[in-house]
Ligand code: 13P
């Protein structure tokens, strides 16, 4: 059985003040959740959010991590720096990092291996652009991102995959339940070829892209969808409605 996992991605939103206030509101609302719950937040907010979420169902994650243990990498954050604050999850290879900050499958791979080696749970993002979908290249893009991004991973079940079609991120345009299920089933099939069927059946795959309080039930009812990576809707108490998708 794969335990559902709902994670928020605050991106470059919230401050220590607004984030603390939101977590205070969320705490009682997610108390009875059966799924795993995380909020991935900007690095500078991590200490304050860990404090705000202490003793609650909410675990705090990061939005990126560097692969080197330490060194001359101005502006970067290491695995140990995250672990020092009790961070458990880290998003890797989000499409916004790929699109705006030169992230490649190779750097996704390096970050993923470093996070795993340090005992963090990477949430590795994959997904196609609208142009790629419309030209029938979705599966090729996913094949490449999974093959290159997960090269050298020894235990697939130690990470989480997030399928985020780029055209559905922040656009209010969600993949239909069927589109999301079909693509995530394809990802699982590809993973069973790259790893083993057993690992592919155990790894959790989230859907991300305009998931909200309304559409979460339908998406979460799909057999291959094990959770969500939530952008906009994680900035309000709507996040609690998604966490409670099964109520
Ligand atoms: P939205 O939920 O705002 O579309 O963002 C999805 C996302 O990018 C989560 O990582």
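Numbering (my numbering), first residue to last: 294 to 540. Note that beta-carbon positions come from the ideal geometry of N, C-alpha and C, so glycine has one too.
Cβ-based neighbour list, residue i, same chain, cut-off 8 Å, excluding 5 preceding and 5 following
i: residue 392; result: 459
i: residue 436; result: 483
i: residue 514; result: 470
i: residue 370; result: 336, 355, 357, 358 and 359
i: residue 341; result: 309, 312 and 313
Residue i classed as buried or exposed, judged by whether at least 16 other C-beta atoms fall within 10 angstroms
i: residue 428; result: exposed
i: residue 311; result: exposed
i: residue 464; result: exposed
i: residue 394; result: exposed
i: residue 489; result: exposed
i: residue 314; result: exposed
i: residue 491; result: exposed
i: residue 304; result: buried
i: residue 368; result: exposed
Beta-carbon spacing of residue i, residue j below 8 Å
i: residue 355; j: residue 339; result: yes
i: residue 523; j: residue 302; result: yes
i: residue 474; j: residue 416; result: no
i: residue 418; j: residue 457; result: yes
i: residue 521; j: residue 528; result: no
i: residue 413; j: residue 381; result: yes
i: residue 469; j: residue 504; result: no
i: residue 497; j: residue 298; result: yes
i: residue 431; j: residue 476; result: yes
i: residue 401; j: residue 386; result: yes
Opposing strand residues paired with residue i [DSSP bridges]
i: residue 298; result: 329 and 520
i: residue 497; result: 453
i: residue 382; result: 354 and 414
i: residue 419; result: 456
Neighbourhood of residue i by C-beta distance below 6 Å, restricted to the same chain and skipping five residues each side
i: residue 433; result: none
i: residue 316; result: 345 and 346
i: residue 423; result: 460
i: residue 320; result: 349
i: residue 501; result: 455, 457 and 522
Close-in-space but distant-in-sequence residues of the same chain around residue i (CB under 7 Å, 5 per side omitted)
i: residue 291; result: Only positions 294 to 540 of the chain appear in this structure, which leaves residue 291 out of reach.
i: residue 399; result: 441
i: residue 350; result: 323, 324, 326 and 330
i: residue 388; result: 418, 420, 457, 459 and 462
i: residue 526; result: 504, 505, 506, 532 and 535
i: residue 538; result: 509, 510 and 513
Item checked: Stretch pair the stretch 528-535 + the stretch 479-486: three plus CB contacts closer than 8 Å -> No contact exists between the stretch 528-535 and the stretch 479-486.
Notebook entry, point to check: Pairing CB atoms from the stretch 448-464 with CB atoms from the stretch 408-415, are three or more of them under 8 Å?
Noted result: The way I'd put it, the stretch 448-464 does touch the stretch 408-415; three or more beta-carbon pairs between them come closer than 8 Å.
Check: Between the stretch 360-375 and the stretch 327-334, are three or more C-beta pairs nearer than 8 Å?
Finding: By the C-beta criterion, the stretch 360-375 is judged not to be in contact with the stretch 327-334, since fewer than 3 inter-stretch pairs fall below 8 Å.
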